[in-house]
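Residue numbers (this note's numbering), protein chains in the order written: chain A, 20 to 138; chain B, 20 to 138.
Even glycine gets a Cβ: it sits at the ideal position worked out from N, Cα and C.
The structure displayed is predicted, hence computed values, not measured ones.
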DNA sequence: CTCATTACTTACATTTTTGTATGTACCATA
DNA sequence: TATGGTACATACAAAAATGTAAGTAATGAG
């Protein structure tokens with residue numbers, strides 16, 4: 020009982036943190052081993068599942084699916100299923116995700132500067 | 020043997036990804052449950068360990084220490100130890116971390132907009 | 001000698017994330 | 001009937017992140 024309670028309290032704290040603090044919220048959305056690779060894969064336009072997989076050779080199907088679902092439920096990626104056989108599913112960035120890309124560019128620039136400072 | 024090799028390969032892939040891709044590098048630096056809370060805690064100026072802890076009531080000492088070490092080794096926080104008893108240790112943001120804060124602000128703004136889009 | 005203060009460290013447990021391997025549904029084609 | 005292509009799902013395992021609880025070193029105050 021106390022175990023369960025503590026755990027749920029921790030979880031609630033985390034949720035609270037994510038909700039109340041928009042930076043945390045934003046970073047939650049772009050964190051995850053493969054999220055950025057997928058976002059960058061889709062910057063050029065919509066891609067099918069298999070095409071995306073080819074662009075990120077190291078990713079496993081399981082991880083690609085999981086991360087795409089996360090991106091979809093977070094409103095960064097739109098998923099379109101065509102009722103065909105074999106199935107065809109296309110993924111594309113949402114307008115909101117497109118607005119995020121210049122900020123990622125800045126993060127990238129900062130990262131490069133910071134690397135030099137650090138050497 | 021094959022286990023070990025695969026594991027080390029995965030790790031090397033991750034390291035490679037972090038090294039070659041500055042966005043990933045940057046996001047690695049700011050990801051972690053408490054990293055942002057700590058950065059924001061220090062935006063106002065240097066703080067002692069105990070003061071920082073008071074500003075982030077939910078954090079445990081272990082986590083605060085771990086994350087501060089990560090921030091320090093990543094060059095985002097400077098740690099100064101005074102040879103006193105009881106010990107006094109002060110933490111402050113590096114110039115590089117200060118340059119990061121406007122980008123975090125943008126992430127925050129994006130997060131807020133995105134929340135509204137999502138509701 | 002005992003206690004308080006500060007900034008930790010250490011051992012261990014739990015939770016979350018990521019990886020591996022295999023299976024599935026659909027139907028057209030051979 | 002068997003095979004192939006596509007986009008997954010599922011069970012299980014390993015690794016990484018986070019949490020809990022307790023201990024430590026140094027020394028000045030009482």
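May I ask you to list, following chain order, the residues of the stretch 104-121 of chain A that have a beta carbon less than 7 Å from some beta carbon of chain B? 115, 118 and 119
Is the separation between the beta-carbon of residue 110(B) and that of residue 65(B) shorter than 8 Å? yes
Tell me whether residue 60(A) is buried or exposed, calling it buried when 16 or more other Cβ atoms sit within 10 Å of its Cβ. buried
Quick check: what's the CA-CA separation for residue 133(B) versus residue 98(B)? 36 Å
Given residue 62(B) as reference, the closest of 136(B), 131(B), 96(B) and 135(B) once Cα atoms are compared: 96(B)
Does DSSP put residue 111(A) in a helix, a strand or coil? strand
When you compare the CB positions of residue 129(A) and residue 122(B), do they come within less than 8 Å of one another, or not? yes
Which term fits residue 44(B), buried or exposed, when burial requires 16 or more other beta carbons within 10 angstroms of its beta carbon? buried
Please name the residue, chosen from 53(B), 87(B), 68(B) and 85(B), that lies closest to residue 77(B) on a Cα-to-Cα basis. 53(B)
Taking residue 94(B) as the reference, give the member of 41(A), 138(A), 49(A) and 107(A) with the closest Cα. 138(A)
Neighbourhood of residue 91(A) by C-beta distance below 6 Å, restricted to the same chain and skipping five residues each side: 98
For residue 71(B), decide whether its Cβ has a neighbour in chain A, counting only Cβ atoms nearer than 8 Å. no
Is the beta carbon of residue 126(B) sitting closer than 8 Å to the one on residue 75(A)? no
Measure the alpha-carbon distance for residue 88(B) versus residue 84(A) and round it to whole angstroms. 34 Å
Taking only the alpha-carbon atoms, compute the straight-line gap between residue 117(A) and residue 41(B) and give it to the nearest angstrom. 19 Å
Since residue 127(B) meets chain A, which of its residues come closer than 7 Å, beta carbon to beta carbon? 41, 42 and 45
For the stretch 48-68 of chain B, list every residue whose C-beta sits within 7 Å of some C-beta in chain A, in sequence order. 49, 50 and 55
Could you confirm whether any beta carbon from chain A is found closer than 8 Å to the beta carbon of residue 138(B)? no
Residue 104(B), enclosing beta strand (DSSP E) - first and last residue: Run containing residue 104(B): none; DSSP gives neither H nor E here.
Where does residue 65(A) fall in DSSP's three states? coil
At the 8 Å Cβ level, is residue 134(A) part of the contact set with chain B, yes or no? yes
Quick check on residue 120(A): does DSSP put it in helix, strand or coil? helix
Just list the residues that DSSP pairs residue 99(B) with in beta bridges. 109(B)
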